[in-house]
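Under the numbering used here, residue 261 is the last one in the sequence shown; the count climbs by one each step, no gaps.
Built from N, CA and C at the ideal position, the CB exists for glycine as well.
Please read all numbers here as calculations on a predicted model, not as lab measurements.
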Amino acid sequence: MNVMEFLADYGSTTKHFKTWSDEYFLEVIEHGVVGDVFSRLVVIFVDKIPVMLGLSETKLSNLTFLEILQNAGVTPIGVRLFAPNSGIKRIESFIGKIDTKTINNQTIKSYLVQSNVSGVIYYRQSNFVMDDEILTLKEFILPGLNDVLKQYT
């Protein structure tokens with residue numbers, strides 16, 4: 109499986125990673141409220157290899173998604189988003205590449221610079237909806253995912 113095939117699977121990345129390795133974990137880089145938006149930025153590791161940056165954002169008025177993000181340390185976001193009968197659907201996904209120079213989030217830019225990641229990287233953005241609530245998930249693929257995909261797929 110290559111990166112594009114991996115991203116084209118709209119199932120839970122958490123489920124894939126946990127299936128592949130017992131050494132799956134994430135590190136919260138930043139979380140909190142800016143204006144009327146709650147955001148949570150994490151780096152995901154598989155076998156101690158950083159494979160992805162994930163930025164989840166929702167408006168404070170989106171109470172279901174706000175609760176999911178605020179409690180992600182107890183129950184992983186993917187478990188809640190992909191739970192059977194949750195009423196949550198993934199829509200409007202975009203899969204492609206992004207030049208790291210065009211990324212607006214300074215924390216993401218700093219992480220990429222510190223990790224010596226520059227140029228064009230794979231990227232997926234998805235919206236999750238429930239009723240009139242929306243959560244946006246932006247996933248920035250790190251070079252380590254290629255190694256993990258070669259090992260486990």
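Going by the beta-carbon positions, is the gap between residue i and residue j smaller than 8 Å?
i    : j    : result
T261 : M112 : no
I216 : F248 : yes
V228 : P251 : no
L253 : S164 : no
T183 : E241 : no
I185 : L174 : no
Exposed or buried, what is residue i when buried is set at 16 or more other beta-carbons lying within 10 Å of its beta-carbon?
i    : result
F125 : buried
T166 : buried
N170 : buried
Could you name the residues of the same chain whose beta carbon sits closer than 6 Å to that of residue i, not counting the 5 residues immediately before and after it, in chain order?
i    : result
V154 : F125, S129, Y132 and V256
F190 : S120
I203 : L115 and R232
E138 : L149 and T215
N235 : I199, E200, I242 and T244
R188 : I176
Hey, out of the options, whose CA is closest to residue i's CA?
i    : options                   : result
V136 : F146, K123 and I152       : I152
P158 : Q233, I216, K258 and L134 : L134
G162 : V237, D144 and Y219       : Y219
G143 : T127, L168, T210 and T122 : L168
V237 : G195, N179, T122 and K123 : G195
T122 : G140, A180, V145 and V141 : A180
D239 : N213, S223 and K197       : K197
S223 : T127, Q259 and M160       : M160
By DSSP's criteria, residue i is part of a beta bridge. Which residues make up the other side?
i    : result
H139 : R148
T244 : E165 and N235
K197 : V237
V228 : D207
M109 : DSSP, once it has assigned bridges, lists no residue as partnering M109.
V154 : Y132 and I157
Please go through the same chain and pick out, in chain order, the residues whose beta-carbon is closer than 8 Å to the beta-carbon of residue i, but skip the five residues on each side of it.
i    : result
T208 : K217, L220, V225, S226, G227, V228 and I229
I211 : K217, L220 and F248
V145 : E165, T166, K167 and L168
K205 : V228, I229, Y230 and Y231
G140 : F146 and S147
Using a Cβ-Cβ cut-off of 7 Å (strictly less than) and excluding sequence neighbours within five positions of residue i, which residues of its own chain qualify?
i    : result
R156 : Note on residue identity: the sequence assigns Lys, not Arg, to residue 156. E131.
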